[in-house]
Amino acid sequence: MSKPIPNSLPLGNRAMDRRRFLGLTGGLAAAGIVGGTVGGLSLPGRAAAQPATLQSGGQFGDPAQRTLVVVDMEGGNDALNTFVPQAGRYHDLRPTIALPDDDLLTFTGLEYGVHPSFARLQPFWDAGQLSAFYGIGLPQQSRSHFVAQDAWRSATPGVPATSGWLGRWLEATVPSAEIPLRAVSLGRNTLAAQGETGRPVAVQSVEGYQLSPPGGNTAVVDAMTAMFDGAGGLLGEAQAALPATVESVDQLQGIIAKVSVDGEDFGPDDSATLFAAAQAIIQADVGTQVIYITVGGFDTHAVQTNIQAALLESVADGLAAMFDGLAATGHADRTLALTVSEFGRRAAENGSFGTDHGNGGLAMLIGPAIAESTVHGGADLDDLVDGDLPLVLDTRSVYDNALRWLGGTSGALDGDWSSLDVLVL
Amino acid sequence: MNEAQALGWLGRKIAWGLTPAMQEEWLALGVDGVIDRLVEPDAHGIAARIDPFVGIPVERGNAGASIREGIVNWLGALIDTPRPLESFMEFFWSDYFAVSIRSVRPVNLMFDHMNLLGRHSLGNFRTLLHDITIDGAMLDFLDGGSNRVGNPNENYGRELLELYSVGVGHFTEADVKAAAVALTGWQLQRRRGTVRFVDRFHDDTAQTVLGVDDVHDVDTVIDAVVTHPATAERVVDKLAVAILGPGYDTARTASLAASFADDLELKPVVRGLLELGVDGAAMPAIIEPLPWMITAHRFTGAPLAQGPLRTYFRTSGQTPLFPPNVGGFPDPDAYLSSSATIARFNLAAAMSTRARAEARQASRDVDDLAHALNLSDGFRAATRDAIGGLTPGPDRITAALASPDVLVV
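Shown next, in the form of structure tokens:
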């Protein structure tokens, strides 16, 4: 049940003086949060996800108690092999990497076949909780990873990126009481959650998130927090990072300590670990509103079939396991997930059983607050632009929904992008 | 900068810390002597770079063991090097031409890649770019090895233009495609871990790249990109950011950029940047996790244990040979993150308990600690007081190493 593109979609003619998200004081650190409220942590890979029962409008609680989980599929996910057009030139364009029709999942009423790695997302579709956005991007969408990533993460295309769309929202909506874990990036730092001055708590690796002074002497930790003397510039930022870190450890250590860690020896945590950490943070009820997970590897120029299958499965299974765990503790209703990727890939395959950088990407919103399962925009293979899927949706119209979930855009997006409303709030 | 400040800056920024023996040596050489020895180690009779990967078994199906050994050996070579500027540059190029060992097989291709960067670290940029373009690890990482006539793979061609030479704004999509066509034919022989050119996979049709006609092979592609003025400007900018720090005064580097454009020789421009640095042109910058780790090791002399190192790098977000993507590691400011702060603190604590006698001795006096860490102006008052309130030994060593004073240079 793909929707036609509304003509009014805003993509042109189709075509603290040092305010931080982190507090610098220990105000909330002792609020009975550390260790003990993580009950019900469910690790990925167990039961199939059971989407939460959709509650009627207005039942998702206070926006301040809601969480947005963004999954950034870095590298440019191949949209055409994720939601596969059932008509048109698909098999002609991709003689070796087209997914066989028989392998594709059939989502009720959907005109696209779905990658088999998305099996655990099917219950969300069936429950009316998955909205996809196809042919999505930004004006002057670039085929450069870095230009496109900056544009997607800043939502200020064509302007040098100095802050992220979520970072600006976080800075525009600072609550009266400081919430040290209001924004957490998992797996990697991200521009998206960085404000003009503030940074989210960044968890590069779940297992290492604790301070281990020599001999367990906490006086050494205290000494680090006493090195702040109000210096300006970079030194001041380096000084401020110490007490901010100590506070975030106080808050976060007990929450993620129970997450089992997996990943390559020297490499980063795998995505199952990151989704489990996200779940634990939401279940801890510490006021986290934004969680940003970065999963790399989607730059599939060669032999992409198995690589993409594994990556899509890690995202789908991670999301499903996270919602499954959240449903068990009553947190699923307060959670909305958004997947993004900086661009789609070329419609035709290259000579390496892969695809080069293209346009017309794919994003998804998943959660009980979605009005209905549907695909907005679309992928018309008979209307390619320079070999790419055309852009038919502006990324900011999806961001607008994500920010309304959190209570309103608060000026974080330049312009009015509210015409595409996919939520029941 | 006075002499002590200049030596301190060179010692911290370029050499990543000086052992007590190096400190004495540098003091005797003076600033000009140090710079000359850094840039011209051959002329000073310094032992040549060794291959840190020699003898590592590369077993099919057990890449993990080879990778672990390779990383630890490479770190050991960076620490022990008598050529610290070459190590600095080797690390710089490993970020500039970011290749992740995760996706390079067999892993000896990655070891060859690192040795190539080491050999050319202060050589000629055109030679380096040429050799990198047909380097096995790069052919694997950016798919040049499957770039064939009739159906080119654009991956390397795009990054050659965007990341390795002219940069965004100076090339078109047509340039990307043309460069990819001209670079067809280079093949990886995975079983042997070698590279060869296969004529029948090569498209020799004349292409136009960056306005240069008759581009049809690796030599003509490299000529087209290195003769474009944006390439020299971009390389000098990257070098200046690495050496002088972000926000440096471009007016002071303009003449270096102009002369670099003439011959693409790296030694003169790097020497010029070092001279600018000691002349006060350096801006504050965060020391990245790998150089910070070496600084901590040089000071403490603590043995490098694989477990703590692995945790350190994973937590800090900068695992050597595992850049997150083709763009390399994030800008140094990213390492102000809570994760990276934790990583530094914990590694400092782990090393402090195994610190050598000189480091423990220095910890008895906070000013001696500052001197041993090459902080020519000492710690700031707040840091000094905070460290001074702790017991000499591991506690003070940890606090000093993890201090903002050491992190920002």
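In the order they appear, the protein sequences are chains C and D.
Its first residue numbered 1, the first sequence is counted upward by one per residue in the working numbering.
Its first residue numbered 1, the second sequence is counted upward by one per residue in the working numbering.
We treat Cβ as the ideally placed atom computed from N, Cα and C, and that holds for glycine.
- Of all residues in the segment 388-406 of chain D, only G389, L390, P394, D395, T398, A399, A402, S403, P404 come within less than 7 Å of chain C when Cβ atoms are compared, listed by chain position.
- Against chain C, the CB of D143(D) has a partner CB under 7 Å away; the residue lies at that interface.
- For S185(C), the enclosing beta strand (DSSP E) covers residues 183-186.
- Collapsing the DSSP output to three states places L369(D) in a helix.
- Taking a 10 Å sphere around the C-beta of A280(C), we find 16 or more other C-beta atoms and assign the residue as buried.
- Taking A302(C) as the centre and dropping the five residues before and after it, the same chain places the C-beta of S352, F353, G354 closer than 7 Å to its C-beta, in chain order.
- When the beta-carbon positions are compared, L365(C) and L338(C) come within less than 7 Å of each other.
- Residue contact check for L211(C) against chain D: a CB pair falls below 7 Å.
- With its beta carbon less than 7 Å from one in chain C, N155(D) belongs to the interface.
- For Y90(C), the three-state secondary structure derived from DSSP is helix.
- It is roughly 8 Å from the alpha-carbon of T253(D) to the alpha-carbon of V236(D).
- Separation of A230(D) and E162(D) (C-alpha to C-alpha, rounded to the nearest whole angstrom) is 11 Å.
- Within the segment 387-422 of chain C, the runs of alpha helix (DSSP H) that reach at least 4 residues and sit entirely inside it are, in chain order, 395-405.
- For chain C, the residues of the segment 327-360 of chain D that bring a beta carbon within less than 8 Å of one of its beta carbons are G327, P330, D333, A334, L336, S337, S338, S339, A340, T341, I342, A343, F345, N346, A349, A350, S352, T353, in chain order.
- Under a criterion of Cβ atoms nearer than 8 Å, the residues of chain D adjacent to F228(C) are, in order, A382.
- The criterion of a C-beta distance shorter than 7 Å is satisfied by L211(C) and V221(C).
- Cβ contact annotation for F171(D) (same chain, cutoff 8 Å, sequence separation greater than five): L161, E162, L210, in chain order.
- Spatial neighbours of E358(D) in its own chain (CB-CB distance under 7 Å, excluding positions within 5 residues in sequence) are listed in chain order as P20.
- Judged by DSSP secondary structure, P116(C) falls outside any beta strand (DSSP E); it is assigned neither H nor E.
- It is roughly 8 Å from the alpha-carbon of D380(C) to the alpha-carbon of P390(C).
- Look at H357(C) here: in three-state DSSP terms it is strand.
- For secondary structure counted as the beta strand (DSSP E) over 3 or more consecutive residues, the segment 152-202 of chain C holds these complete runs in sequence order: 183-186.
- Taking a contact to require three or more Cβ pairs closer than 8 Å, the segment 23-34 of chain D and the segment 309-324 of chain D do not qualify as touching.
- Out of M89(D), N2(D), D217(D), the CA that lies nearest to the CA of W16(D) is found in M89(D).
- For the pair V168(D) and M351(D), the Cα-to-Cα distance works out to about 43 Å.
- For F133(C), not one C-beta of chain D is nearer than 7 Å to its own C-beta.
- Taking the Cα of R158(D) as reference, the smallest distance to any Cα among G327(D), F345(D), G76(D) is reached at G327(D).
- Your pair D405(D) and F379(D) checks out as a contact, with CB atoms roughly 5 Å apart and the cut at 8 Å.
- Secondary structure of S131(C) (DSSP, three-state): strand.
- The beta-carbon of A386(D) is placed less than 7 Å from the nearest beta-carbon of chain C.
- A residue is called buried once 16 or more other Cβ atoms fall within 10 Å of its Cβ, and L290(D) is buried on that count.
- Looking at the backbone, the Cα of F53(D) and that of F124(C) are separated by about 50 Å.
- When the beta-carbon positions are compared, F345(D) and A296(D) stay at least 7 Å from each other.
- When 8 Å is used as the limit between beta carbons, V220(C) is near these residues of chain D: A349, L390, D395, T398, A399, in chain order.
- For F275(C), there are no C-beta contacts with chain D under 7 Å, since the nearest C-beta of that chain is about 18 Å from it.
- At a Cβ-Cβ threshold of 7 Å, A192(C) and A183(C) do not count as neighbours.
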